[in-house]
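*Asks:* The opening position of the sequence shown corresponds to residue 28 in the working numbering, with each subsequent residue numbered one higher. Backbone N, C-alpha and C define an ideal beta-carbon position, used for all residues, glycine too.
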Amino acid sequence: MKLFSLLVFLSTLAYSQVYYSKVEPYEMRTISSNVSGEVLDIAENMIGKKLTKDIYIKIDDMLDKDELSDVKQKITFIEETIKVNQEILENLNLSLEKKELNYKKVAALKIKSKIEKDNEFYNLVTSRNLALSTKKEIKNLKIQLADLNLRQKQLEKIIQDKNLRNKGLVLYSIDVKVGQVVAPGMALAKIADTSKGLLSIYVTEDELINLKDKVVYIDGDKTVYKPTRILSIADEKNISKYLVQIVINPPKIFSKLVKIELKEK
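(1) Quick one: which unbroken beta strand (DSSP E) runs of 3-plus residues sit fully inside the stretch 42 to 87? Chain order, please.
(2) Are the CB atoms of Tyr244 and Lys268 within a distance shorter than 8 Å?
(3) Which residue wins for smallest C-alpha separation from Lys194, given the options Lys169, Asp220, Ile170, Leu119?
(4) Looking at Ala210 and Ser60, is the spacing between their C-beta atoms short of 8 Å?
(5) If you drop the 5 nearest sequence neighbours on each side, which residues of the same chain put their C-beta closer than 7 Å to that of Leu119?
(6) For Thr231, which three-state DSSP category applies?
(7) For Val203, name the three-state secondary structure that DSSP assigns.
(8) Can you tell me where the beta strand (DSSP E) holding Ala261 begins and where it ends?
(9) Roughly how many whole angstroms lie between the Cα atoms of Ile170 and Glu107?
(10) Leaving aside the five residues before and after Glu183 along the sequence, list all residues of the same chain whose C-beta is less than 8 Å from its C-beta, in chain order.
(11) Tell me which same chain residues have a C-beta within less than 7 Å of the C-beta of Glu234, skipping the five on either side of it?
(12) Determine the DSSP secondary structure at Leu196, reduced to helix, strand or coil.
(13) Let me check understanding here. Comparing Cα to Cα, which of Asp97, Arg192, Lys125 lies closest to Gln179?
(14) One question on the structure: do Val197 and Lys77 come within less than 8 Å of each other, judged by their Cβ atoms?
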């Protein structure tokens with residue numbers, strides 16, 4: 028009987044591998060600053076909680092908002108000016124058509140003196156130049172408008188980056204203090220995606236064979252999970268071993284150590 032039990036045990040070991048892993052959040056992310064400015068407010072009470080649509084770190088954006096308001100006013104003014112100039116250009120084109128017809132008629136009349144014909148020609152050229160000048164002004168205004176539209180987008184992005192929101196993610200830590208001046212690239216906070224859990228194990232080259240066909244057991248319970256990410260490049264720290272990750276449903280408590288078994292079907 029003892030011999031039979033031993034054989035069963037050895038047989039089980041031959042068809043399963045046992046690993047241990049902590050259940051980590053699906054993603055841990057460091058939020059770095061994209062802007063410069065003074066930290067005005069932080070929501071320390073939200074550490075460890077799931078973030079809402081509210082701001083949890085606010086960086087001074089007063090001057091950016093003032094500039095944005097000015098830029099929007101300039102955009103409105105230039106758009107109105109372009110519209111007026113386009114109406115002027117339409118009128119100039121209508122006038123130019125008539126002056127071209129008049130000049131052709133006057134130029135063909137023998138009773139008209141050279142001075143009269145020249146005056147009509149100069150009048151026509153002046154109208155043409157005025158129309159061209161108006162076209163040029165419209166183009167210049169459109170260039171200014173494009174620059175202002177770009178600046179508006181930049182300012183809106185800056186203001187957004189100075190009011191941090193990460194709805195649905197858990198605030199793990201805040202790495203700045205009120206009154207601190209931050210610069211681009213400085214770490215502001217760490218956040219976690221706890222919508223799923225992630226198990227990481229390291230397997231040998233031989234254990235990679237048919238890995239996706241294995242049945243995953245967690246703490247002795249059979250699951251429907253499958254290895255989600257299998258790296259075919261050996262790990263830098265765990266030499267000659269390969270990282271395998273399994274995405275699971277979120278647990279009530281993260282960082283708990285669990286036993287993982289990969290068994291044959």
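*Replies:* Once the coordinates are examined:
(1) The stretch 42 to 87 contains, as complete beta strand (DSSP E) runs of 3+ residues, the segments 43 to 49, 51 to 59, 64 to 69, 84 to 86 (chain order).
(2) Not a contact, by the Cβ cut-off of 8 Å.
(3) Residue Asp220 is the option with its Cα nearest to Lys194.
(4) Ser60 places its beta carbon less than 8 Å from that of Ala210.
(5) Counting only Cβ-Cβ distances below 7 Å, and skipping sequence neighbours, we find Ser154, Leu157, Ala158, Thr161.
(6) Correct three-state label for Thr231: coil.
(7) For Val203, the secondary structure class from DSSP, reduced to helix, strand or coil, is coil.
(8) Here the beta strand (DSSP E) through Ala261 covers 256 to 261.
(9) C-alpha separation (whole angstroms): 15 Å.
(10) Within the same chain, Glu183 has close Cβ partners Leu95.
(11) Excluding residues within five positions, the ones whose Cβ falls inside 7 Å are Gln44.
(12) In the structure shown, Leu196 sits in coil (DSSP, three-state: anything other than H, G, I, E or B).
(13) Out of Asp97, Arg192, Lys125, the CA that lies nearest to the CA of Gln179 is found in Asp97.
(14) Closer than 8 Å, so yes.
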